[in-house]
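S.K.: So the sequence lines, in the order shown, correspond to chains S and C. Counting the first sequence from 1 gives a position; the numbering used here is that position plus 1132. Counting the second sequence from 1 gives a position; the numbering used here is that position plus 28. Note that the Cβ used here is the ideal one computed from N, Cα and C, for glycine as well.
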Amino acid sequence: MASPQRQPAWQVLAYDILSSGAPTLSAIIAGSASSAYQLNLTPYVHGGVTIEEPGDKRASHITFTLSDHLGSFDPASGTYATYMQQHQVVHITAGDTTVPTSQYVGLFLGHVRGQVGFTIDRQALRYETTLSCYNRRAVPRYLKRRFTSQSYGNATDFATICLDVARQEMSLSGTELTRFPGVLGQLTQFSTNTIADLSPLEALDKILEALGLVCDFDGDGRLRVYSRDLRRVPDKVYANLNLIASIEHPQADTETYNSVKIIGLDKNITELEQPEQALARATIPVGFWRPSHVVDVWWSNDRSLRARQTVLVIETSVNNGLLLSLGSESYLETSEHGGRITVSIGGFVLTLLLLIAVTMAAAYLIGDEVVTFGSLTVPVGSLLQGLVMQEILLAVATVSSGVYEVRGVPILPVFQEISATLTVDGTPDYLVNQKEIQNDWVSTQEHLLALALVELIFEAAQASPRNVSLVDDLTLEVGDMIQIPLGEAPLRLWIDSLRRTMTRDQVPLLDVTGYKVPEGAF
Amino acid sequence: MLRTLLQEFHRAEEPDKVGQLASPVILLPYDATGALMPVAHVVMNTPTGITLVCHVPVAANNQEMRHAALGSPVRLKRSRTGRLEIVGLDKRAPGTLYNYSLNLSTAVLTSGNVSALTTRVVNLGELASVTSVGFGQTPLAAIAMYNAASQVVTIVWPGGV
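1. Only counting the same chain, and skipping five residues up and downstream in sequence, which positions put a Cβ closer than 8 Å to that of E92(C)?
2. Relative to the alpha-carbon of S1432(S), which residue among R1539(S), S1305(S) and A1141(S) has its alpha-carbon at the smallest distance?
3. Less than 7 Å between C-beta atoms, sequence neighbours within five positions excluded: which residues of the same chain meet that for S1575(S)?
4. Hey, out of S1533(S), V1221(S) and D1561(S), whose CA is closest to S1424(S)'s CA?
5. Report yes if the C-beta distance between I1550(S) and G123(C) is below 7 Å; otherwise report no.
6. Under three-state DSSP, which class holds H1579(S)?
7. Under 7 Å Cβ to Cβ from Y1389(S), same chain only, skipping five residues before and after it: list those, please.
8. Excluding the 5 residues flanking D1148(S) on each side, which residues of the same chain have their C-beta closer than 7 Å to its C-beta?
9. So does the segment 1170-1184 of chain S actually touch the segment 1628-1641 of chain S, counting three or more Cβ pairs closer than 8 Å?
10. Write down every uninterrupted run of the beta strand (DSSP E) in the segment 1310-1371 of chain S whose length is 3 residues or greater and which is fully enclosed by it, in chain order.
11. Pull up the distance between the alpha-carbon of V136(C) and that of D1557(S), whole angstroms please.
12. Closest Cβ-Cβ distance between K45(C) and chain S: below 7 Å?
13. Can you tell me which of T147(C), A177(C), G153(C) and T159(C) puts its alpha carbon nearest to the alpha carbon of L80(C)?
14. Name the one or two DSSP bridge partners that F1547(S) has.
15. Return the first residue and the last residue of the alpha helix (DSSP H) that R94(C) is part of.
16. Cα-Cα, which of R1269(S), E1341(S) and L1275(S) is closest to A1291(S)?
17. Based on Cα-Cα distance, which residue from Q1441(S), D1350(S), R1598(S) and I1614(S) lies nearest to E1308(S)?
18. Mind pulling the chain S residues with CB within less than 9 Å of T138(C)?
19. Does W1573(S) pass the burial test, meaning 16 or more other C-beta atoms within 10 Å, or should it be called exposed?
20. Does any residue of chain C have a CB that is nearer than 7 Å to the CB of S1551(S)?
21. Per DSSP, which residues does W1660(S) bridge with? Please list them.
22. Does the segment 1439-1448 of chain S come close enough to the segment 1575-1584 of chain S that 3 or more CB-CB pairs lie under 8 Å?
23. Could you spell out the range, first to last residue, of the beta strand (DSSP E) harbouring A1146(S)?
24. Quick one: give me the first and last residue of the alpha helix (DSSP H) that V1520(S) is part of.
25. Beta carbon of V1144(S), beta carbon of I1224(S): below 7 Å?
26. State whether the segment 1276-1285 of chain S contacts the segment 1225-1234 of chain S, with contact taken as three or more CB pairs (one from each stretch) at a distance under 8 Å.
27. Name, going along the chain, the residues of the segment 1398-1409 of chain S whose beta-carbon falls closer than 9 Å to a beta-carbon of chain C.
28. So, helix, strand or coil for G1652(S), using DSSP?
29. With a cut-off of 8 Å, do at least 3 Cβ pairs link the segment 1345-1365 of chain S to the segment 1267-1274 of chain S?
30. Just the Cα atoms here: how many angstroms apart are V189(C) and Y1536(S)?
31. From L1173(S), I1614(S), I1627(S) and R1422(S), pick the residue whose C-alpha is nearest to that of V1365(S); which is it?
32. Could you tell me whether any Cβ in chain S is nearer than 7 Å to the Cβ of V189(C)?
33. Give, in chain order, every residue of the segment 114-131 of chain C whose Cβ lies closer than 8 Å to some Cβ of chain S.
34. Assuming T1195(S) and L1263(S) are in contact, meaning their beta carbons sit under 8 Å apart, how far apart are those beta carbons, in whole angstroms?
35. Might you give, ordered along the chain, the residues of its own chain that have their beta carbon closer than 6 Å to the beta carbon of Q1218(S), omitting 5 neighbours on each side?
36. Looking at the C-beta of V180(C), does it have a partner C-beta in chain S at a distance below 7 Å?
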């Protein structure tokens, strides 16, 4: 019979994922697993189930007791011993007796951890099995196995990287990822971006931290994110206090942060100019047989050092060794990595060759005329031929060398950190309690400030913890914001942790621990 | 107590710090006997802002630091008792620090000062103006430290600081 009254109901299901032919966890989450590997534990649950969701990147967990006078849950020899093994899956859903169980809301999905307890008390005729389960945030591989990702290029959305990590390093797929956003709206800034030596959850948390987000698994084992930004619209607004059982302002002696410092990595590589210095030296010989010499010089052997404002300093010129200054020396900066020094005495050598040619022609053209020096007669042609020989010898013997140095300003590409501090206005210096976040995924001043605002308001809210008990609301999760009418100003609460105890024939209460959102934040 | 222990553990595990050479590596008489120690000034991003730390010793037998040029990013290690030493070259350097304050009641955001320290060789055009004495006081190739507004904070080499 349909009734407007709520008739809470819940069920505890165990899944065998370890036996041969058993479904995968992914298939269970997708709802496509065979029921042959499913066991409904609900009738055997003794004393109810308490689900603790501590939040703050810690795994949700449950502990409950099964009671069965046949000892079916004896993990060693019971009929259902298979389901009592470490790593088997437990799924808790809740809803109402008036709706089919397929429409129940998932509140917890996790793995059995450690040895399942089993007690036989023959006097009290008690056969009790105690299980402890943790949700997927506690999976060792997600927490501990470090990996190095592929390299992502520029302008890659952060969600692409996160989803790759989830698929490749956490083996998540299909339904397990339906709650993870496909686009996060933040793009990589560098041409190569790699995650090195982090565990999957560390990597996801670090990337999401840059956006003020945190990842977690929901009650159905799906990866999700929630925001630490307290300036957003509440997820649920209570119109009155009818569903609120109690509100407490607990005494808290926690020293909260009143300042945050975010350190990121500037998206622009800074080219640091070093003091001017000698970059290269060259000693360049030239001569008749090699009148021009072109030498390429580099600022480093591996040709990776860059420099600017390079100039040639002539320490010893080729002209120093010549009779006439007919040599030329020039320098060309061919790239940021090196330059070209060109030294030539080609003009001088050419002049000598022309002179030889002219003199030889003259020697042949002039007749065998002689000049007389006293008793000696000297043929003019022989004189000219001797002169030619001297010119030839001079040309052939022409050798010079120059010593050159190229000076310039080396450039050093450097990652510059950029940082921002955001402090609560009016805080005296000596009372500043600063939280520092270093995140290389933050790379602009605007991004720094945006993240600092999220973090400072979040930290400021932690100064005002509240405990609220309300009639269980299956839609609430850690990271949600609720608004409760309270006096003149509504109480906005960011949910830090949840605790719900489900027993039979009782409307479950949900214990919420949260932080009051500062009124200036909305 | 647990929190204090965790904080201490965290501090012990914290990674090396980064800095930027604000002077060449020089040999400084370091003890009463005048024993020479290679040291350099370093700019660091500390909780109190971008700060100059003077005469930071270079780790022993560190050949790469001997020729490290001004402005090179360096890695530093802090001892348990709070002394720093330069242990090598690095790839990242402390850059600019932007300061803001937020009024939580009114959500008004106020921009504060911008903190940055860069060191470079004083160029010829600045030689006369870096000190009030004028031309002749500052030698050629002197190194000065500039703030975010490109004003000279101090001459770090030679002498200075």
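M.R.: Quick answer:
1. Mapped onto the second sequence, residue 92(C) falls at position 64. G116 and L117.
2. Numbered from 1 along the first sequence, position 300 holds the residue referred to as residue 1432(S). Here the closest residue by C-alpha is R1539(S).
3. Reading the first sequence from its first residue, position 443 is the one you call residue 1575(S). Q1321, G1396, L1397, D1398 and K1399.
4. Along the first sequence, one-based indexing puts residue 1424(S) at 292. When each option's Cα is compared against that of S1424(S), the closest is S1533(S).
5. By one-based count along the first sequence, residue 1550(S) stands at place 418. By one-based count along the second sequence, residue 123(C) stands at place 95. Yes, the pair counts as a contact, with Cβ atoms nearer than the cut-off.
6. One-based indexing of the first sequence puts residue 1579(S) at position 447. Helix, per DSSP.
7. Position 257 of the first sequence, counted from the start, is the residue given in the question as residue 1389(S). Taken in chain order, the residues that qualify are N1565, Q1566, K1567 and E1591.
8. Position 16 of the first sequence holds residue 1148(S). Excluding residues within five positions, the ones whose Cβ falls inside 7 Å are A1154, Y1169, T1214, Y1215 and Q1220.
9. yes
10. 1328-1330, 1345-1349 and 1355-1359
11. If you number the second sequence from 1, residue 136(C) lands on position 108. If you number the first sequence from 1, residue 1557(S) lands on position 425. If you take the alpha carbons of V136(C) and D1557(S), they lie about 9 Å apart.
12. The residue you call residue 45(C) lines up with position 17 of the second sequence. Taking Cβ atoms only, chain S never reaches closer than 7 Å to K45(C), which makes this a no.
13. Translated into positions along the second sequence, residue 80(C) becomes position 52. That would be T147(C), whose Cα lies nearest to the Cα of L80(C).
14. Locating residue 1547(S) in the first sequence gives position 415, counting from the first residue. Beta-bridge pairing links F1547(S) to R120(C).
15. Here residue 94(C) refers to the residue found at position 66 of the second sequence. Start and end: Q91 to R94.
16. To locate residue 1291(S), count along the first sequence from 1; it is residue 159. Considering only alpha carbons, the answer is E1341(S).
17. Counted from its first residue, the first sequence places residue 1308(S) at position 176. Ranking the options by Cα distance to E1308(S), first place goes to D1350(S).
18. Sequence index remark: in the second sequence, residue 138(C) carries index 110 (1-based). Simply D1557.
19. Position 441 of the first sequence holds residue 1573(S). It counts as buried.
20. Mapped onto the first sequence, residue 1551(S) falls at position 419. Yes, S1551(S) lies at the interface with chain C (some Cβ there is under 7 Å from its Cβ).
21. Nothing in the structure corresponds to residue 1660(S), since chain S is present only between 1133 and 1654.
22. no
23. To locate residue 1146(S), count along the first sequence from 1; it is residue 14. Unbroken beta strand (DSSP E) run through A1146(S): P1140 to Y1147.
24. For the purposes of this step, residue 1520(S) is identified with residue 388 of the first sequence, where counting begins at 1. Here the alpha helix (DSSP H) through V1520(S) covers V1512 to A1529.
25. Position 12 of the first sequence holds residue 1144(S). Position 92 of the first sequence holds residue 1224(S). Yes, the pair counts as a contact, with Cβ atoms nearer than the cut-off.
26. no
27. D1398, T1402, L1404, E1405, Q1406, P1407, E1408 and Q1409
28. In the first sequence, residue 1652(S) corresponds to position 520, counting from 1. Correct three-state label for G1652(S): helix.
29. yes
30. For the purposes of this step, residue 189(C) is taken as the residue at position 161 of the second sequence. For the purposes of this step, residue 1536(S) is taken as the residue at position 404 of the first sequence. With a pLDDT of 49 at V189(C), under the threshold of 50, the predicted position of this residue should be treated as unreliable, and no value is reported.
31. As a position in the first sequence, residue 1365(S) is number 233, starting the count at 1. Of L1173(S), I1614(S), I1627(S) and R1422(S), the residue nearest in Cα terms is I1614(S).
32. On the second sequence, residue 189(C) is found 161 positions in, with the first residue counted as 1. For V189(C), the predicted structure reports a pLDDT of 49, less than 50, and the residue's modelled location is therefore unreliable. The matter cannot be settled from this model.
33. K119, R120, A121, P122, G123, T124, L125, Y126, N127, Y128, S129, L130 and N131
34. Taking the first residue of the first sequence as 1, we reach residue 1195(S) at position 63. Taking the first residue of the first sequence as 1, we reach residue 1263(S) at position 131. Indeed, because the Cβ distance is near 7 Å, the residues count as touching under 8 Å.
35. In the first sequence, the residue the question calls residue 1218(S) occupies position 86. Within the same chain, Q1218(S) has close Cβ partners V1244.
36. Along the second sequence, one-based indexing puts residue 180(C) at 152. Not one chain S Cβ lies under 7 Å of V180(C).
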